[in-house]
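Student: If you read the protein sequences in the order shown, they are chains G and B.
So the first sequence is numbered by our numbering: it starts at 66 and just counts up by one.
So the second sequence is numbered by our numbering: it starts at 345 and just counts up by one.
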Amino acid sequence: MLSLPYLSLGWKLYRSMIVFGTILTGALQFLVVWIFNSLNATPLIETFFQQLPPQMRLLFENEFMPSMSISGAVALGFNHPIVLFLMGLVAIVIPARQIAGESENGLLELLLSLPYQRKQLLFSLWIFAASALLLVVLGAFSGSVIALIATRNLNIIFLGHLLKVSLNLWSLFLLVMSCAVMVSVFNREGSRAGLTGAIVIFTFYFIYFLSSIWESLEFTKHFNIFNYYQPQKLIFGGINLGRNLLVLSILTLICLIIAFLHFEERDIP
Amino acid sequence: MFLLTSLPGKEFHISVIQIKNLTKFYGKSIGVRNLSFSVEQGEIFGFLGPNGAGKTTTIRLLLDLLRPSSGEISVFGTLIPDKSARIRRKCGYLPGDFTPFGHMSVQDFLNFIVSVRGIQHPDYFLLDRFQLVKELSRKIKHLSHGTRQKLGIIQAFFHNPELVILDEPTTGLDPLMKMEFYDFLFDYQKKEKTVFLSSHDLSEVERICQRVGIIREGELVALESIENLKKNRYRRLKFTLREPVEKLDVPNASLVYRKNLDYEYIFRGDITQLLKLLVNLPIRDFYFPEPHLEEVFMYYYEEQENA
Chain G
66 MLSLPYLSLG
76 WKLYRSMIVF
86 GTILTGALQF
96 LVVWIFNSLN
106 ATPLIETFFQ
116 QLPPQMRLLF
126 ENEFMPSMSI
136 SGAVALGFNH
146 PIVLFLMGLV
156 AIVIPARQIA
166 GESENGLLEL
176 LLSLPYQRKQ
186 LLFSLWIFAA
196 SALLLVVLGA
206 FSGSVIALIA
216 TRNLNIIFLG
226 HLLKVSLNLW
236 SLFLLVMSCA
246 VMVSVFNREG
256 SRAGLTGAIV
266 IFTFYFIYFL
276 SSIWESLEFT
286 KHFNIFNYYQ
296 PQKLIFGGIN
306 LGRNLLVLSI
316 LTLICLIIAF
326 LHFEERDIP
Chain B
345 MFLLTSLPGK
355 EFHISVIQIK
365 NLTKFYGKSI
375 GVRNLSFSVE
385 QGEIFGFLGP
395 NGAGKTTTIR
405 LLLDLLRPSS
415 GEISVFGTLI
425 PDKSARIRRK
435 CGYLPGDFTP
445 FGHMSVQDFL
455 NFIVSVRGIQ
465 HPDYFLLDRF
475 QLVKELSRKI
485 KHLSHGTRQK
495 LGIIQAFFHN
505 PELVILDEPT
515 TGLDPLMKME
525 FYDFLFDYQK
535 KEKTVFLSSH
545 DLSEVERICQ
555 RVGIIREGEL
565 VALESIENLK
575 KNRYRRLKFT
585 LREPVEKLDV
595 PNASLVYRKN
605 LDYEYIFRGD
615 ITQLLKLLVN
625 LPIRDFYFPE
635 PHLEEVFMYY
645 YEEQENA
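Next up, the structure:
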């Protein structure tokens, strides 16, 4: 079912992006923890928080940095918009280019004239993109671990929290990637598929952001994928990882079923 | 299991491709309509038609890239889409617009094909025959159109397939390489392999194919042996006189163009009488240009109308 030559082809095509994403998330994670530990930034941040309007302060406390501690810094690193953007980039670009983009430039026709089953091709692509996302998550995980070792803050409980957050981050972007796969099999242009995927994800993120500062939109959180990834709550307690994984996995599965069924029936190109 | 059919000239033929009442719609517009024909083992079958006639659609249907609206296709006796991946293992394919991975070198691309197809003994001789050995380390995006086309031909034949489907294979090849390609196809045919080739070049099809299917606006206009095609088709004759003649009556031909001493006729049938006439005219120059496909179709339209 899995095509190793296809995985190797994907690596040749996207290795720069994946390696760049892995190093950048790792470095960012390291820097956030290192800077927080090196500088006595707590008074500075607290002063900054006090200057914010109450709703913004609530947002920062809930979503980014609930505690002026090293744990809070780690949570901030894992929920930083740059990390989410990089993960989103990997999750959307790979399926959009490999399905809709290759349909557009004729490569999908060439690939499917080889002895590939359509489901085999799609499955191999999904495994490749999932592995790429895992690498980026491992970059963030490694950056945090190295920083915590360097600052002598690592302990077994913290390591457990980090693993949970990493797993949650990975499963969130598996869903984003599966959604991008679904959008791509319905498209014949890579750029359009990528843009559609990005708009969908950004809309979710934006609504989630609004619902955090606007009470009347709070009910939408239950229907928002970003509600099922909250590193600060995973680290400080208050949320069940199993619930997050269950919801994200079910949505991932739905996207994949739709994608596989349509890809099996669609015309190439 | 292969299908056995009876055709004139031979007792039994093994049908490698069988198409029955094949129709494909793209929304409301028609791709192909009610196609039925078969291709036998060991023949080079030409699929002739102008651009947009439905040649590529038919090929994509054969390869299970498109899903038919109705009708049946079987390749090697197996209905498409059943086991289509297994069927494609025995097929080679050159797309009409061959655009491989530009960032790859020729060597890397061929290695990819070898690994996907699980080829035990790749035919490296092809690299030599199509003069691609020197290009192995070059990136595909830096190759000329013709060289890229040669790579497309090589990848289609690299695993020595039983059936090769070629969509306008000589596009971009220089005349010498075209000749080499034709020779190669004849050698290939001697191994009892089958070639399905689409083209809009009548002379190419006449030169290399045994049978031809003619398609226009999605419908199969004719299914002919090349002998019949040659016998029935219209030809064009162009000549220039040295001096004007009083009366010019060319038998069985229609004047389609005249300017000063230049004449162009279209005719069909026996050429002998025409040649006799030309001998007696003050001819400066004459030649038989390649007919347009529409002129080839004219005969078949007349036939259909008569029927």
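From the three backbone atoms N, C-alpha and C, an ideal C-beta is built for every residue, glycine too.
Judging by CA-CA distance, which residue of B:M448, B:A500, B:I388 and B:G440 is the nearest neighbour of C553 (chain B)?
Tutor: For this step, residue 553 (chain B) is matched to residue 209 along the second sequence. Considering only alpha carbons, the answer is B:I388.
Student: Counting only Cβ-Cβ distances shorter than 7 Å, please list the residues of the segment 457 to 489 of chain B near chain G, keeping chain order.
Tutor: Contacts with chain G (Cβ-Cβ distance below 7 Å) from the segment 457 to 489 of chain B involve S459, V460 and R461, listed in chain order.
Student: Tell me whether P119 (chain G) is buried or exposed, calling it buried when 16 or more other Cβ atoms sit within 10 Å of its Cβ.
Tutor: Start at 1 with the first residue of the first sequence, and residue 119 (chain G) comes out as number 54. That one is exposed.
Student: Taking just the CA atoms, how far does L186 (chain G) sit from G557 (chain B)?
Tutor: In the second sequence, the residue the question calls residue 557 (chain B) occupies position 213. In the first sequence, the residue the question calls residue 186 (chain G) occupies position 121. Roughly 33 Å between the two C-alpha positions.
Student: Identify which residue in B:R579, B:P444 and B:K620 has its Cα closest to the Cα of I610 (chain B).
Tutor: Looking up residue 610 (chain B) in the second sequence gives position 266. Taking only the C-alpha atoms, the option nearest I610 (chain B) is B:R579.
Student: Just the C-alpha distance for E329 (chain G) and L219 (chain G), rounded to the nearest angstrom, thanks.
Tutor: One-based indexing of the first sequence puts residue 329 (chain G) at position 264. One-based indexing of the first sequence puts residue 219 (chain G) at position 154. Those two C-alpha atoms are separated by around 48 Å.
Student: Is P635 (chain B) close to chain G, meaning its C-beta is less than 8 Å from at least one C-beta of that chain?
Tutor: Position 291 of the second sequence, counted from the start, is the residue given in the question as residue 635 (chain B). Between P635 (chain B) and chain G, the shortest Cβ-Cβ separation is not below 8 Å.
Student: Can you give the Cα-Cα distance for I83 (chain G) and H486 (chain B), rounded to whole angstroms?
Tutor: Counting from 1 along the first sequence, the entry for residue 83 (chain G) is found at position 18. Counting from 1 along the second sequence, the entry for residue 486 (chain B) is found at position 142. Spanning the two alpha carbons is a distance of roughly 25 Å.
Student: Chain B beta carbons: is any one of them nearer than 8 Å to that of Q182 (chain G)?
Tutor: Counted from its first residue, the first sequence places residue 182 (chain G) at position 117. True, the Cβ-Cβ gap to chain B drops below 8 Å.
Student: For F325 (chain G), collect the residues of the same chain with a Cβ closer than 7 Å to its Cβ; drop the 5 residues on either side in sequence, then sort them by chain order.
Tutor: Taking the first sequence and counting its residues from 1, the one referred to as residue 325 (chain G) is at position 260. Excluding positions up to five away in sequence, the list reads K184 and L187.
Student: Quick check: the Cα distance between T514 (chain B) and Q493 (chain B), rounded to an integer number of angstroms?
Tutor: The residue you call residue 514 (chain B) lines up with position 170 of the second sequence. The residue you call residue 493 (chain B) lines up with position 149 of the second sequence. T514 (chain B) and Q493 (chain B): Cα-Cα distance of roughly 8 Å.
Student: Which residues in chain B have a C-beta closer than 8 Å to the C-beta of E174 (chain G)? List them in chain order.
Tutor: By 1-based counting over the first sequence, the position of residue 174 (chain G) is 109. The answer, in chain order, is R404, L409 and P439.
Student: State the beta-bridge partners of Q362 (chain B) as determined by DSSP.
Tutor: For this step, residue 362 (chain B) is matched to residue 18 along the second sequence. Paired residues: B:S382 and B:S418.
Student: Terminal residues of the continuous alpha helix (DSSP H) containing N550 (chain B)?
Tutor: Translated into positions along the second sequence, residue 550 (chain B) becomes position 206. Note that residue 550 (chain B) is Glu in the sequence shown here, rather than Asn. Start and end: L546 to I552.
Student: Three Cβ pairs or more, each shorter than 8 Å: is that satisfied between the segment 491 to 506 of chain B and the segment 436 to 453 of chain B?
Tutor: yes
Student: Taking Cβ-Cβ distances shorter than 7 Å, what residues in chain B pair up with P70 (chain G)?
Tutor: Taking the first residue of the first sequence as 1, we reach residue 70 (chain G) at position 5. For a Cβ distance threshold of 7 Å, residue set F456, S459 and V460 of chain B lies close to P70 (chain G), ordered along the chain.
Student: Give every residue of the same chain whose Cβ lies closer than 8 Å to the Cβ of L74 (chain G), excluding the five residues on either side of it in the sequence, and list them in chain order.
Tutor: One-based indexing of the first sequence puts residue 74 (chain G) at position 9. Same-chain partners within the cutoff: there are none.
Student: Might you give, ordered along the chain, the residues of its own chain that have their beta carbon closer than 7 Å to the beta carbon of E254 (chain G), omitting 5 neighbours on each side?
Tutor: In the first sequence, counting from the first residue as 1, residue 254 (chain G) sits at position 189. Excluding sequence neighbours, E254 (chain G) sits near A165 and E169.
Student: For A566 (chain B), write down the residues that DSSP places opposite it in a beta bridge.
Tutor: On the second sequence, position 222 is the one that residue 566 (chain B) refers to. A566 (chain B) is bridged to B:I558.
Student: Which residues, in order along the segment 251 to 271 of chain G, keep a beta-carbon less than 8 Å from a beta-carbon of chain B?
Tutor: none
Student: Anything in the segment 375 to 392 of chain B with a Cβ closer than 7 Å to a Cβ of chain G? List those residues in chain order, please.
Tutor: none
Student: What residue from B:H465, B:I431, B:K372 and B:L405 has the CA that sits closest to K364 (chain B)'s CA?
Tutor: The residue given as residue 364 (chain B) occupies position 20 in the second sequence. Nearest of B:H465, B:I431, B:K372 and B:L405 to K364 (chain B), Cα basis: B:L405.
Student: So what does DSSP say about L480 (chain B), is it helix, strand or coil?
Tutor: Stepping through the second sequence from its first residue, residue 480 (chain B) is reached at position 136. In this structure, L480 (chain B) counts as coil in the three-state DSSP scheme.
Student: Output, in chain order, the set of chain B residues within a Cβ distance shorter than 8 Å of I333 (chain G).
Tutor: For the purposes of this step, residue 333 (chain G) is taken as the residue at position 268 of the first sequence. Here the neighbours are R404, L409 and L410.
Student: In chain B, what lies closer than 7 Å to L74 (chain G) by C-beta?
Tutor: Translated into positions along the first sequence, residue 74 (chain G) becomes position 9. The answer, in chain order, is F456.
Student: If the cut is a Cβ gap below 8 Å, which residues of chain B does E280 (chain G) touch?
Tutor: As a working mapping, residue 280 (chain G) is identified with position 215 in the first sequence. In chain order: nothing, as chain B lies at least about 47 Å away.
Student: Beta-carbon within less than 7 Å of A500 (chain B)'s beta-carbon, same chain only, minus the 5 sequence neighbours each way: which residues are those?
Tutor: The sequence position of residue 500 (chain B) within the second sequence is 156, counting from 1. Within the same chain, A500 (chain B) has close Cβ partners G436, Y437, L438, V508 and L510.
Student: Between E169 (chain G) and chain B, is there a C-beta pair that is closer than 8 Å?
Tutor: Here residue 169 (chain G) refers to the residue found at position 104 of the first sequence. By this cut-off, E169 (chain G) is not an interface position.
Student: According to DSSP, simplified to helix, strand and coil, what is L96 (chain G)?
Tutor: Your numbering for residue 96 (chain G) matches position 31 in the first sequence. DSSP places L96 (chain G) in helix when its eight states are reduced to three.
Student: I need the boundaries of the alpha helix (DSSP H) containing T491 (chain B), first residue and last residue.
Tutor: Locating residue 491 (chain B) in the second sequence gives position 147, where the first residue counts as 1. For T491 (chain B), the uninterrupted alpha helix (DSSP H) segment begins and ends at H489 to F501.
Student: What number of angstroms, rounded off, separates the C-alpha of K537 (chain B) from the C-alpha of V565 (chain B)?
Tutor: As a first step, residue 537 (chain B) must be located in the second sequence, where it is residue number 193. As a first step, residue 565 (chain B) must be located in the second sequence, where it is residue number 221. Spanning the two alpha carbons is a distance of roughly 26 Å.
Student: Would D408 (chain B) and S428 (chain B) be called neighbours here (beta carbons separated by less than 8 Å)?
Tutor: Within the second sequence, numbered from 1, the residue matching residue 408 (chain B) stands at position 64. Within the second sequence, numbered from 1, the residue matching residue 428 (chain B) stands at position 84. For D408 (chain B) and S428 (chain B), yes; Cβs fall inside 8 Å.
Student: Would you kindly report the start and end of the unbroken beta strand (DSSP E) that includes D511 (chain B)?
Tutor: The residue given as residue 511 (chain B) occupies position 167 in the second sequence. First-last of the beta strand (DSSP E) with D511 (chain B): L507 to D511.
Student: What distance in whole Å lies between the Cβ atoms of T401 (chain B) and L410 (chain B), which are believed to be in contact at a cut-off of 8 Å?
Tutor: Against the second sequence, residue 410 (chain B) aligns to sequence position 66. Against the second sequence, residue 401 (chain B) aligns to sequence position 57. Correct: roughly 7 Å between the Cβ atoms.
Student: Check for me: the alpha helix (DSSP H) holding R628 (chain B) runs from which residue to which?
Tutor: Numbered from its first residue, the second sequence carries residue 628 (chain B) at position 284. For R628 (chain B), no alpha helix (DSSP H) encloses it; the enclosing beta strand (DSSP E) starts and ends at I627 to Y631.
Student: Using a threshold of 8 Å, state whether the C-beta atoms of I361 (chain B) and F540 (chain B) are closer than that.
Tutor: For the purposes of this step, residue 361 (chain B) is identified with residue 17 of the second sequence, where counting begins at 1. For the purposes of this step, residue 540 (chain B) is identified with residue 196 of the second sequence, where counting begins at 1. Their beta carbons are under 8 Å apart, which means I361 (chain B) touches F540 (chain B) by this criterion.
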